[in-house]
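Below is one structure; the comments refer to it alone.
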Amino acid sequence: MEALDEQIFAALRSAERVVALTGAGVSAESGIPTFRDAMTGMWAKYDPAELATSEAFGRDAERVSRWYDERRCNVAACKPNGGHMALARLEQILGRRRKQFTLITQNVDRLHQAARSRDVIELHGTLWVWRCVRCGTETEERGGAFEVYPPHCSCGGVKRPAVVWFGESLPMAAMRRAQDAAAGCDLFLSLGTSSIVYPAAGLVDVALRNRAMVVEVNAEETPISARAHWSIRGKTGEVLPRIVEGAFGI
Ligand code: OAD
Numbered sequence: 013m014e015a016l017d018e019q020i021f022a023a024l025r026s027a028e029r030v031v032a033l034t035g036a037g038v039s040a041e042s043g044i045p046t047f048r049d050a051m052t053g054m055w056a057k058y059d060p061a062e063l064a065t066s067e068a069f070g071r072d073a074e075r076v077s078r079w080y081d082e083r084r085c086n087v088a089a090c091k092p093n094g095g096h097m098a099l100a101r102l103e104q105i106l107g108r109r110r111k112q113f114t115l116i117t118q119n120v121d122r123l124h125q126a127a128r129s130r131d132v133i134e135l136h137g138t139l140w141v142w143r144c145v146r147c148g149t150e151t152e153e154r155g156g157a158f159e160v161y162p163p164h165c166s167c168g169g170v171k172r173p174a175v176v177w178f179g180e181s182l183p184m185a186a187m188r189r190a191q192d193a194a195a196g197c198d199l200f201l202s203l204g205t206s207s208i209v210y211p212a213a214g215l216v217d218v219a220l221r222n223r224a225m226v227v228e229v230n231a232e233e234t235p236i237s238a239r240a241h242w243s244i245r246g247k248t249g250e251v252l253p254r255i256v257e258g259a260f261g262i
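Written out as structure tokens, the structure is:
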């Protein structure tokens with residue numbers, strides 16, 4: 013892995029308002045497949061139109077709910093990695109210094125919360141909450157696999173995962189908070205995301221327009237790499253602990 017620029021540590025130390033946007037790459041080292049990695053990504057094996065749209069759920073609720081429930085059960089066996097831990101630590105450190113830190117995630121696995129990040133903006137919902145399509149009641153599902161697919165609500169309606177599907181709007185309050193944080197930050201960290209799915213991918217532009225510095229950490233180059241002030245090729249589970257340690261010590 014490349015050496016880290018001392019200037020990154022200095023930028024993190026001196027920033028007053030930091031935003032971190034995370035994507036599937038941050039959970040890859042916990043054993044959760046990403047979406048777009050060529051061999052291992054979920055969209056290499058499955059067609060999103062068949063699984064991640066409300067039309068797909070309308071056509072085959074059994075298949076779609078089974079797929080999401082399998083993902084929920086797989087995630088239950090996964091632990092946060094060094095990247096999640098470093099971000100939780102960063103929240104604590106910046107909090108103690110009375111600086112602002114906003115963690116925005118596209119991930120639906122809640123591994124940031126498992127690592128004890130306290131305030132996480134979930135842009136794409138979560139696998140852990142299911143919502144009745146008839147009465148709207150949301151329930152947290154912490155048990156094992158469902159017995160029937162799709163699962164049913166006590167009102168008789170069917171339940172769907174409270175995730176954002178293609179073609180759906182993002183939760184409004186979460187998106188507004190994310191936009192405001194991106195507009196007001198002086199340092200924006202783009203972590204383990206391919207930066208091609210909007211509107212999340214547009215947050216970095218909001219930050220850049222407002223003159224924030226941008227640090228990207230990703231295994232590969234992305235469409236924002238050329239615009240970032242620092243673009244680091246590496247695994248977030250390894251790079252993030254080194255950045256937090258470099259900036260603030262052990
Ligand atoms: P992607 O799968 O599109 O991108 C993951 C990125 O992480 C890629 O650029 C990888 O190169 C990189 N990566 C993989 N392993 C890594 C590691 N250990 N460390 C650092 N980087 C690594 O995932 P997202 O950008 O999160 O939406 O995708 C955005 C959205 O598209 C998802 O939230 C999901 C998906 O379709 C919905 O389902 C609505």
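Take any residue in the sequence shown, note its place counting from 1, add 12, and you have its number in my numbering.
Where is the CB? At the ideal position from N, CA and C, for every residue including glycine.
Asked	Found
With 16 other Cβ atoms within 10 Å as the buried cut-off, status of residue 57	exposed
Residues bridged to residue 266 [DSSP beta-bridge criterion]	Residue 266 cannot be examined here, being either before or after the span of the chain that is shown, 13 to 262.
Proximity below 7 Å, CB of residue 265 to CB of residue 201	Here the chain comprises residues numbered 13 to 262, so residue 265 is not present and cannot be evaluated.
Beta-carbon gap between residue 220 and residue 33 smaller than 7 Å	no
Distance cut-off 6 Å: residue 46 Cβ against heavy atoms of the ligand OAD	yes
DSSP-derived helix/strand/coil call for residue 239	coil
CA-to-CA distance, residue 168 to residue 236, given in whole angstroms	46 Å
Contiguous beta strand (DSSP E) assignments of at least 3 residues, all confined to the segment 24–84	29–34
Top-ranked residue by Cα proximity to residue 138, from 83, 145, 163	83
Residue span of the alpha helix (DSSP H) that contains residue 92, given as start and end	Taken as a continuous stretch (DSSP letters only), residue 92 belongs to no alpha helix (DSSP H), as it is neither H nor E.
Whole-angstrom distance between residue 52 and residue 46, CA atom to CA atom	7 Å
3 or more residues per run - each beta strand (DSSP E) lying fully within the segment 129–216	132–134, 137–144, 150–152, 171–175, 199–203
Closest residue to residue 143 among 174, 105, 154, 103 (Cα-Cα distance)	174
Identity of the residue in 104, 186, 153 nearest residue 260 by Cα	104
Residue 5 CB to nearest heavy atom of the ligand OAD below 6 Å	In the structure displayed, the chain extends from 13 to 262; residue 5 sits before or after that span and is not available.
Neighbourhood of residue 207 by C-beta distance below 6 Å, restricted to the same chain and skipping five residues each side	213, 234, 235, 236
Terminal residues of the alpha helix (DSSP H) in which residue 125 lies	123–126
Which residues DSSP lists as bridging residue 255, in chain order	Answer is none; residue 255 lacks a bridge partner.
Distance cut-off 6 Å: residue 136 Cβ against heavy atoms of the ligand OAD	yes
Residue range of the beta strand (DSSP E) that includes residue 112	112–117
Identity of the residues DSSP links to residue 86 by a beta bridge	None, per the DSSP bridge assignment.
Three-way DSSP call (helix, strand, coil) for residue 109 in this model	coil
Residue 178 versus 209, 132, 218, 131, residue with shortest Cα-Cα distance	209
Sequence-distant residues of its chain with Cβ nearer than 6 Å to residue 38 (five each side left out)	95, 203, 204, 248
Check: residue 35 C-beta below 6 Å from any heavy atom of the ligand OAD	yes
Spatially closest choice to residue 28 from 110, 191, 64, by CA coordinates	110
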